[in-house]
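One structure below.
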Amino acid sequence: IQQVTTQCDRHRIPAYVEASKLANVLFYERHGFQAIGTIQAGKSPPIFPMVRQPQ
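Whatever position you read off the sequence shown (first residue = 1), add 469 for the working numbering.
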């Protein structure tokens, strides 16, 4: 994670991930990501799109 976020910060671009578990949402939040919604198709488990703005 740190290598990617460092590059994103250097180039001033946001980073995007999709977390498939709530535990992963918490993990990514510790690295500066914020959930921007929930995606759920039918009865499939939810997916949490997350973005981290350059810092």
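Glycine residues also receive a C-beta, built at the ideal position from the N, C-alpha and C atoms.
So what does residue i bridge to, in DSSP terms?
i: I516; result: I508
i: E487; result: P518
i: Q503; result: V520
Report the residue from the options whose alpha carbon sits nearest the alpha carbon of residue i.
i: F517; options: Q524, P523 and E498; result: E498
i: K490; options: R521, Q524, Q476 and S513; result: S513
Going by DSSP in three states, residue i sits in which element: helix, strand or coil?
i: R481; result: coil
Could you check the C-alpha separation between residue i and residue j for me, to the nearest Å?
i: Q511; j: Q503; result: The residue asked about is misnamed: residue 511 is Gly in this sequence, not Gln. Their backbone Cα atoms lie some 24 Å apart in a straight line.
i: Y485; j: P515; result: 17 Å
i: V473; j: E487; result: 15 Å
Apart from the five residues on each side of it in sequence, which residues of its chain come closer than 6 Å, Cβ to Cβ, to residue i?
i: I508; result: I516
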